[in-house]
Amino acid sequence: MWDMSHELSAETRRALRALGQPRAFRPGDALLRHGEIANVVLLLEAGQAEVVTTSEDGHASVLGYRGPGDIIGEMGVLGNAPRGATVVAVGPVRAVAIPAADFLAEVHDRPDLAAGLLRTLVARLRAADEERAESSSARVRVARALLDLAKHRGTVAADGTSVEIAITQQGLALAAGVGLRTASRELPRLRDQRFLELHRGRITVLDLNGLTKISQQTQNVRR
Numbered sequence: 031m032w033d034m035s036h037e038l039s040a041e042t043r044r045a046l047r048a049l050g051q052p053r054a055f056r057p058g059d060a061l062l063r064h065g066e067i068a069n070v071v072l073l074l075e076a077g078q079a080e081v082v083t084t085s086e087d088g089h090a091s092v093l094g095y096r097g098p099g100d101i102i103g104e105m106g107v108l109g110n111a112p113r114g115a116t117v118v119a120v121g122p123v124r125a126v127a128i129p130a131a132d133f134l135a136e137v138h139d140r141p142d143l144a145a146g147l148l149r150t151l152v153a154r155l156r157a158a159d160e161e162r163a164e165s166s167s168a169r170v171r172v173a174r175a176l177l178d179l180a181k182h183r184g185t186v187a188a189d190g191t192s193v194e195i196a197i198t199q200q201g202l203a204l205a206a207g208v209g210l211r212t213a214s215r216e217l218p219r220l221r222d223q224r225f226l227e228l229h230r231g232r233i234t235v236l237d238l239n240g241l242t243k244i245s246q247q248t249q250n251v252r253r
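Residue 179 in our numbering sits at position 149 of the sequence shown, with consecutive numbering throughout.
Next up, the structure:
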């Protein structure tokens with residue numbers, strides 16, 4: 031997730047809010063849909079959303095998460111192109127919807143907004159290049175997805191020794207960008223090595239450090 035809240039001046043944030051209309055989304059609602067006309071930009075005020083893409087064969091993958099301070103939908107507006115992904119509310123979400131023409135005018139008039147967007151786009155492109163170069167194995171993908179989910183959606187135990195994630199194996203497969211059969215193979219292996227525990231509808235992460243080491247494995251890996 032690329033948070034732009036620290037990139038923008040207070041004046042620019044106020045100006046963006048003044049241009050838009052408040053919007054509220056329930057869990058599961060689509061904030062933006064793949065293929066639709068990019069006629070608004072959303073400034074997230076509260077809550078978490080996930081960015082989802084679907085391949086031609088119907089396989090869906092979660093590209094990342096967005097939260098308060100993030101601007102979403104700007105790529106379609108800047109490129110005058112249809113939406114490239116769907117953004118779905120993970121929980122209750124509040125946002126400000128800014129018309130595309132008004133947003134583009136602000137980008138032209140406010141250097142800090144233009145510079146912040148440029149840095150964000152560069153970071154996304156760099157991350158995409160690194161992901162392709164690393165050619166992550168299924169095990170690495172699963173570990174990375176678990177770490178991302180633990181950070182953004184996990185509940186830390188009172189003693190701080192574990193993190194519980196409310197998610198099914200199918201949901202984890204979606205987040206990791208792997209098939210359900212692959213996730214169902216890798217998760218028991220991680221369980222047997224005491225990295226996690228599997229329960230009905232939830233996963234308890236026991237060893238964040240161990241998963242981090244797995245997530246950093248990039249050598250001798252095939253796509």
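Cβ atoms here follow ideal geometry from the backbone N, Cα and C, with glycine treated the same way.
Model, not experiment: these values are computed from the prediction.
Counting only runs of 4+ residues, the alpha helix (DSSP H) found wholly inside the region 175-251 occupies 199-206, 210-222 and 238-245, in chain order.
Taking V70 as the centre and dropping the five residues before and after it, the same chain places the C-beta of G103, A127, I128, P129 and A130 closer than 7 Å to its C-beta, in chain order.
Taking T42 as the centre and dropping the five residues before and after it, the same chain places the C-beta of R140, D142 and L143 closer than 7 Å to its C-beta, in chain order. By the CB criterion at 8 Å, A119 and G77 fall inside the cutoff. For T198 against G231, the beta-carbon gap comes to about 6 Å, under 8 Å, which counts as contact.
The Cβ atoms of L74 and G94 lie no closer than 8 Å to each other. Closest in C-alpha terms to R183, from the list A79, V107, G190 and E66, comes A79. Per DSSP, R44 is one residue of the alpha helix (DSSP H) stretching across A40 to L49. Between T212 and A145, the C-beta spacing is not below 8 Å. The C-alpha of R221 lies about 19 Å from the C-alpha of Q246. A Cβ-Cβ contact shorter than 8 Å links L177 with T242. For A115, the CB contacts under 8 Å within the same chain, skipping 5 residues up- and downstream, are L62, H64, V81, V82, T83 and L93 in chain order. With a 10 Å radius around the Cβ and a threshold of 16 neighbouring Cβ atoms, I67 comes out exposed. Annotation: the continuous alpha helix (DSSP H) that includes V107 extends over E104 to G109. Inclusion of L238 and V186 in the CB contact set at 8 Å is not warranted, their separation being larger than that value.
In summary, G58 is exposed, with fewer than 16 beta-carbon neighbours lying within 10 Å of its beta-carbon over all protein chains present.
Boundaries of the alpha helix (DSSP H) harbouring V137: A130 to D139, taken from the DSSP string. Beyond the five residues adjoining it in sequence on each side, V172 comes within less than 6 Å, by CB distance, of A206 and E216 in the same chain, given in chain order. The C-alpha of V170 lies about 42 Å from the C-alpha of L49. Taking the Cα of R53 as reference, the smallest distance to any Cα among L134, P122 and N110 is reached at P122.
Taking each of G209, A196, A90 and L204 in turn and checking the Cα distance to E227, the smallest one comes out for A196.
Less than 8 Å divides the Cβ of A125 from the Cβ of L72.
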